[in-house]
Amino acid sequence: MARFPGILPGLVLGAAILSAAGCGGRADIGSVTGTITLDGQPLVDAVVTFEPGVGGAPSRAITDSRGHYQLRYTREILGAKVGQHVVSVSTFRAANPDAEPPRPVVAERVPPRFNGDTELRADVAAGGNRIDFTLQSTGPVPQPNLADF
Numbered sequence: 050m051a052r053f054p055g056i057l058p059g060l061v062l063g064a065a066i067l068s069a070a071g072c073g074g075r076a077d078i079g080s081v082t083g084t085i086t087l088d089g090q091p092l093v094d095a096v097v098t099f100e101p102g103v104g105g106a107p108s109r110a111i112t113d114s115r116g117h118y119q120l121r122y123t124r125e126i127l128g129a130k131v132g133q134h135v136v137s138v139s140t141f142r143a144a145n146p147d148a149e150p151p152r153p154v155v156a157e158r159v160p161p162r163f164n165g166d167t168e169l170r171a172d173v174a175a176g177g178n179r180i181d182f183t184l185q186s187t188g189p190v191p192q193p194n195l196a197d198f
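If you want the working numbering, it's the 1-based position in the sequence shown plus 49.
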């Protein structure tokens, strides 16, 4: 009756190995949501980037009308690598006259200390993380050199 002796133990062993390896979930990725405000107001349409300190790809999100964001690690995976991150926030968008409809330049509203020269840091833990940022501007915000884009 048993044409393939040993196949059942092999299947059981294979399933155990895949299960132990975390197939279906990523133990090294934590879910990250939060809200960003600038001068007490929700920061709308800002790109939020979490850059891991060691290894892994950055995670990104765009804030909504309430300044809320949810990080995405890849197209299929929400969250960010577990560990310390350097965080940057930016509203600048280069113009794209070839887009349909054409997209104008969007000015930077976030001071450099929160984007190009960021001082923001965050620690992502396994599981769910709520990481809010309350940003304050201190005067005019320099704009990127449009010749660079």
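Cβ coordinates follow ideal geometry from the N, Cα and C atoms, glycine included.
Alpha-carbon to alpha-carbon, residue j and residue i
i	j	result
Pro153	Asn164	21 angstroms
Glu205	Gln133	Because the chain in this structure spans residues 50 to 198, residue 205 falls outside the shown range and cannot be described.
Gln201	Phe141	Because the chain is modelled from 50 through 198, residue 201 falls outside the range shown and cannot be assessed.
Ala76	Pro189	42 angstroms
Gly104	Ala156	32 angstroms
Arg115	Ser139	16 angstroms
Gly83	Thr187	23 angstroms
Tyr122	Ile180	16 angstroms
Leu120	Pro101	13 angstroms
Glu149	Lys130	34 angstroms
Ala106	Pro146	30 angstroms
Glu125	Ala175	18 angstroms
9 angstroms Cβ cutoff met for residue i and residue j
i	j	result
Ala80	Gly177	The sequence shown places Ser at residue 80, not Ala. Yes, the Cβ-Cβ distance between Ser80 and Gly177 is below 9 angstroms.
Gly128	Val159	no
7 angstroms Cβ shell around residue i - same chain, five flanking residues per side excluded
i	result
Thr112	Ile85, Leu92, Val93, Asp94, Ala95, Val97, Tyr118
Pro161	Pro191
Asp88	Gln185, Ser186
Burial state of residue i (16 or more Cβ within 10 Å)
i	result
Ala144	exposed
Leu67	Legend: pLDDT at Leu67 = 42, less than 50; position of this residue unreliable, no value from coordinates given.
Cys72	Low confidence applies here, because Cys72 scores a pLDDT of 41, under 50, leaving its location unreliable; read the following figure in that light. Flag for Cys72 reads exposed.
Ala110	buried
CB contact below 9 angstroms: residue i versus chain D
i	result
Arg115	Among the chains in the structure shown there is no chain D, since it carries only a single protein chain.
Spatial neighbours of residue i in its chain, beta-carbon cut-off 8 angstroms, leaving aside the 5 residues before and after
i	result
Ala70	Low per-residue confidence applies at Ala70: pLDDT is 39, beneath 50, and the placement is therefore not dependable, though the value from the model is reported in the following sentence. So the list is empty, once near-sequence residues are dropped.
Residue i: first and last residue of the uninterrupted beta strand (DSSP E) it sits in
i	result
Phe99	96-101
Arg109	108-111
Tyr122	Where Tyr122 is concerned, there is no enclosing beta strand (DSSP E), given that its DSSP letter is neither H nor E.
Ile85	78-87
Sequence-distant residues of the same chain with beta carbon closer than 6 angstroms to residue i, five excluded per side
i	result
Phe238	Because residue 238 is not part of the residues shown, which for the chain are 50 to 198, the question remains open.
Val136	Phe99, Leu169, Ala171
Pro151	none
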